[in-house]
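Numbering (full-length UniProt numbering), first residue to last: 1 to 460.
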């Protein structure tokens with residue numbers, strides 16, 4: 001099973017590399033022929049980048065075609081027929097996809113040898129252990145990745161599909177689960193939903209099929225979006241980063257179409273992960289006074305989410321919200337796991353401070369006692385606090401430099417040499433005290449409100 005999985009992964013990787021080579025050959029040939037706008041259209045639709053990959057020296061589409069014609073003539077004593085006239089208009093679309101492919105011939109079978117020995121003898125062949133495939137790093141995966149062309153949508157859906165495709169994450173977010181301090185339960189469930197089923201598919205079958213939907217809720221700045229970035233980095237699925245602006249349109253009926261196209265593209269590019277941030281902005285509770293367009297959009301989203309649970313496609317929906325009590329109750333049923341992303345513990349706060357500021361900069365500060373004073377501070381609040389404290393020595397140094405010679409005009413646009421100015425020095429206890437006095441928690445909603453909602457609706 002493991003060998004078959006590796007072989008399939010290698011075959012998919014080889015096909016993607018072949019597609020990249022063919023597209024790069026075509027783009028460079030189109031550019032050399034003077035069709036610049038057509039080349040830019042191919043680059044835009046395919047997602048290839050000539051800044052990352054380009055043709056090797058002495059490689060050209062015309063050279064490859066000429067070599068093939070020479071080889072074909074040498075083999076069959078006639079020129080190959082690469083293209084032909086289209087006989088029927090109805091077949092034009094089909095012929096367009098296959099006419100440029102050269103005909104290939106099956107290799108001739110070797111005739112059995114007649115001078116076989118009559119004596120019985122044993123002959124063997126050593127069995128070589130299959131070579132382990134080289135594992136791509138996450139940076140290499142994103143750099144080498146190439147999206148398939150969009151499906152052949154009707155005209156009314158084509159522009160919508162292009163708009164949704166722009167929300168596919170093509171750059172490495174660079175966030176790993178190991179970088180996230182605390183949140184052990186959240187990381188475990190996300191790995192259960194995406195990572196482990198890809199690594200051990202034989203375990204997650206039948207009743208143990210992976211979770212299809214997870215809701216992350218909690219105070220602002222606790223790490224919900226960072227968890228989503230870790231999923232995008234490590235899970236190597238097609239990651240759709242969706243916001244309200246991606247699927248809400250002012251044109252009648254377009255919002256429902258955008259949601260339908262989103263889930264169709266997720267099936268097309270599976271395995272896929274759909275991340276909807278601030279889902280409460282589009283899936284609030286329905287009431288009698290709600291606008292008809294908003295109600296139709298919510299209904300379409302609920303229908304598509306029902307399809308995720310019933311079908312076997314490898315699509316995972318991850319949603320985040322700061323206001324879970326505003327969500328429609330029908331949405332909660334379709335999100336199988338509803339996880340509280342809490343404020344960091346005291347130990348986690350200490351680890352955050354230690355990781356943000358090196359020990360040599362705060363040698364005389366007890367970070368544990370400082371962490372005990374950070375009640376209701378989220379992870380982003382702590383980062384802002386540490387940044388403010390780190391700015392104190394910089395400000396002192398700036399005042400010294402400005403007071404050295406007030407009559408000298410500073411060339412602010414010219415970067416200074418690092419060795420031309422003194423070191424700003426370390427961070428003092430007073431710096432942290434002033435930063436703590438000036439930096440307050442961003443959220444005024446107490447964690448008790450989230451814990452109360454979790455006790456009623458939570459699912460881990």
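Think of the CB as a built atom: it goes at the ideal place given N, C-alpha and C, for glycine as much as any other residue. Bear in mind that the values here come from a model prediction, so they are computed numbers and not experimental data.
Worksheet entry | Every unbroken alpha helix (DSSP H) inside the stretch 401–457 [4 residues or more] | As far as the stretch 401–457 is concerned, its whole alpha helix (DSSP H) runs of at least 4 residues are 429–438, 447–457.
Worksheet item: Unbroken alpha helix (DSSP H) runs of length 4 or more, entirely within the stretch 159–245: which are they?
Response: Segments of the alpha helix (DSSP H) lying fully in the stretch 159–245: 184–190, 196–199, 224–234.
Item to complete: Would you mind reading off the limits of the beta strand (DSSP E) that contains residue 294?
Response: Start at 1 with the first residue of the chain shown, and residue 294 comes out as number 294. Counting along the chain, residue 294 falls outside any beta strand (DSSP E), though it belongs to the alpha helix (DSSP H) covering 292–310.
Discussion item. Can you give me the C-alpha to C-alpha distance between residue 81 and residue 73, rounded to a whole angstrom?
Written reply: As a first step, residue 81 must be located in the chain shown, where it is residue number 81. As a first step, residue 73 must be located in the chain shown, where it is residue number 73. Rounded to the nearest whole angstrom, the C-alpha separation of residue 81 and residue 73 is 11 angstroms.
Fill in: Which listed residue (58, 271, 396, 306) has its alpha carbon closest to that of residue 335
Reading the chain shown from its first residue, position 335 is the one you call residue 335. Closest option to residue 335, Cα to Cα, is 306.
Worksheet item: Ends of the alpha helix (DSSP H) at residue 66?
Response: The sequence position of residue 66 within the chain shown is 66, counting from 1. 61–76 is the extent of the alpha helix (DSSP H) around residue 66.
Worksheet item: When you compare each of 301, 257, 296 to residue 276 by their alpha carbons, which one comes out closest?
Response: The count along the chain shown starts at 1 and reaches residue 276 at position 276. Taking residue 276 as reference, the option from 301, 257, 296 with the minimal CA-CA separation is 301.
Discussion item. In whole angstroms, give me the CA-to-CA distance for residue 316 and residue 282.
Written reply: The residue given as residue 316 occupies position 316 in the chain shown. The residue given as residue 282 occupies position 282 in the chain shown. The alpha-carbon atoms of residue 316 and residue 282 are separated by roughly 19 angstroms.
Worksheet item: Buried or exposed: which applies to residue 414, given that a residue is buried once 16 or more other Cβ atoms fall within 10 Å of its Cβ?
Response: Locating residue 414 in the chain shown gives position 414, where the first residue counts as 1. Label assigned to residue 414: exposed.
Practice prompt. To the nearest angstrom, report how far apart residue 241 and residue 396 are at their CA atoms.
Written response: Indexing the chain shown from 1 puts residue 241 at position 241. Indexing the chain shown from 1 puts residue 396 at position 396. Approximately 42 angstroms between the Cα atoms of the pair.
Worksheet item: Are residue 239 and residue 273 close, meaning C-beta to C-beta below 8 angstroms?
Response: On the chain shown, residue 239 is found 239 positions in, with the first residue counted as 1. On the chain shown, residue 273 is found 273 positions in, with the first residue counted as 1. Here residue 239 is near residue 273, since their CB atoms are less than 8 angstroms apart.
Worksheet item: What span of residues does the alpha helix (DSSP H) with residue 349 cover, start to end?
Response: Counting from 1 along the chain shown, the entry for residue 349 is found at position 349. For residue 349, the enclosing alpha helix (DSSP H) stretches over residues 346–356.
Worksheet item: Can you name the start and end residues of the beta strand (DSSP E) that residue 461 belongs to?
Response: Since the first and last residues shown for the chain are 1 and 460, residue 461 lies out of range.
Practice prompt. Go ahead and pull the three-state DSSP assignment for residue 374.
Written response: Here residue 374 corresponds to residue number 374 of the chain shown, with the count starting at 1. Coil.
Worksheet item: Is there contact between the stretch 179–188 and the stretch 197–204, where contact requires at least three CB pairs shorter than 8 angstroms?
Response: Contact fails: fewer than three Cβ-Cβ distances are below 8 angstroms.
Item to complete: For residue 208, count neighbouring Cβ atoms within 10 angstroms of its own Cβ and tell me buried if that reaches 16, exposed if not.
Response: Numbered from its first residue, the chain shown carries residue 208 at position 208. Per the 10 Å Cβ criterion, exposed.
Worksheet item: Should the stretch 12–21 be regarded as contacting the stretch 36–44, the criterion being three or more beta carbon pairs within less than 8 angstroms?
Response: Too few Cβ pairs lie closer than 8 angstroms, so no.
Worksheet item: Terminal residues of the continuous beta strand (DSSP E) containing residue 46?
Response: For the purposes of this step, residue 46 is taken as residue 46 along the chain shown, with counting starting at 1. No beta strand (DSSP E) contains residue 46, which is instead part of the alpha helix (DSSP H) from 36–46.
Worksheet item: Between the Cα of residue 323 and the Cα atoms of 141, 285, 292, 191, which residue gives the shortest distance?
Response: Within the chain shown, the letter at position 323 stands for residue 323. Of the candidates 141, 285, 292, 191, the one whose C-alpha sits nearest the C-alpha of residue 323 is 285.
Worksheet item: In terms of residues, what are the limits of the beta strand (DSSP E) holding residue 329?
Response: In the chain shown, counting from the first residue as 1, residue 329 sits at position 329. Secondary structure note for residue 329: it is in no beta strand (DSSP E), and the uninterrupted alpha helix (DSSP H) holding it is 329–334.
Discussion item. Whole angstroms are fine: how far does the CA of residue 402 sit from the CA of residue 417?
Written reply: One-based indexing of the chain shown puts residue 417 at position 417. One-based indexing of the chain shown puts residue 402 at position 402. So the two alpha carbons sit approximately 17 angstroms from each other.
Practice prompt. Take every Cβ of the stretch 221–239, pair it with every Cβ of the stretch 166–177, and state whether three or more of those distances are shorter than 8 angstroms.
Written response: Judged by Cβ distances under 8 angstroms, the stretch 221–239 makes contact with the stretch 166–177, as three or more pairs qualify.
Practice prompt. Along the alpha helix (DSSP H) that carries residue 152, what are the first and last residues, could you check?
Written response: The residue given as residue 152 occupies position 152 in the chain shown. Premise fails: residue 152 is in no alpha helix (DSSP H) and is neither H nor E.
Item to complete: Have a look at residue 7 and residue 373 and give me their C-alpha separation to the nearest angstrom.
Response: Start at 1 with the first residue of the chain shown, and residue 7 comes out as number 7. Start at 1 with the first residue of the chain shown, and residue 373 comes out as number 373. C-alpha of residue 7 to C-alpha of residue 373: approximately 55 angstroms in a straight line.
Item to complete: Using the DSSP secondary-structure output, state which residues sit across from residue 273 in a beta bridge.
Response: Here residue 273 corresponds to residue number 273 of the chain shown, with the count starting at 1. Residue 273 has 239, 316 as its beta-bridge partners, per DSSP.
Worksheet item: In this structure, does DSSP put residue 83 in helix, strand or coil?
Response: Stepping through the chain shown from its first residue, residue 83 is reached at position 83. Three-state result, residue 83: coil.
Worksheet item: What residue does the alpha helix (DSSP H) around residue 143 start on, and which one ends it?
Response: Reading the chain shown from its first residue, position 143 is the one you call residue 143. Per DSSP, residue 143 belongs to the alpha helix (DSSP H) from 138–144.
Fill in: Per-residue burial, residue 326 [other beta carbons within 10 Å of its own, 16 or more giving buried]
Residue numbering aside, residue 326 sits at position 326 when the chain shown is read from its first letter. Per the 10 Å Cβ criterion, exposed.
Discussion item. What would DSSP say about residue 362, mapped onto helix, strand or coil?
Written reply: Counted from its first residue, the chain shown places residue 362 at position 362. Coil, per DSSP.
Discussion item. Nearest by alpha-carbon distance to residue 453: which of 442, 428, 350, 329 is it?
Written reply: Residue mapping note: residue 453 aligns to position 453 of the chain shown, counting from 1. Scanning 442, 428, 350, 329 for the CA closest to the CA of residue 453 turns up 329.
Worksheet entry | Euclidean distance between Cα positions of residue 338 and residue 458 | Indexing the chain shown from 1 puts residue 338 at position 338. Indexing the chain shown from 1 puts residue 458 at position 458. Take the alpha-carbon of residue 338 and the one of residue 458: they are about 5 angstroms apart.
Item to complete: Taking residue 27 and residue 39 to be in contact with their CB atoms under 8 angstroms, please state how far apart those CB atoms are, rounded to whole angstroms.
Response: Along the chain shown, one-based indexing puts residue 27 at 27. Along the chain shown, one-based indexing puts residue 39 at 39. The pair is a contact, with the Cβ atoms about 5 angstroms apart (cut-off 8 angstroms).
Worksheet item: Roughly how many angstroms separate the alpha carbons of residue 144 and residue 223, rounded to a whole number?
Response: Here residue 144 is taken as the residue at index 144 of the chain shown, counted from 1. Here residue 223 is taken as the residue at index 223 of the chain shown, counted from 1. Taking the straight line joining both Cα atoms gives about 29 angstroms.
Worksheet item: residue 337 bridges to which residues according to DSSP?
Response: Here the question's residue 337 lines up with position 337 in the chain shown. For residue 337, which the question treats as bridged, DSSP gives the partners 214.
Fill in: Same chain, Cβ closer than 7 angstroms to residue 293, neighbours up to 5 away in sequence not counted
By 1-based counting over the chain shown, the position of residue 293 is 293. Excluding positions up to five away in sequence, the list reads 252, 255.
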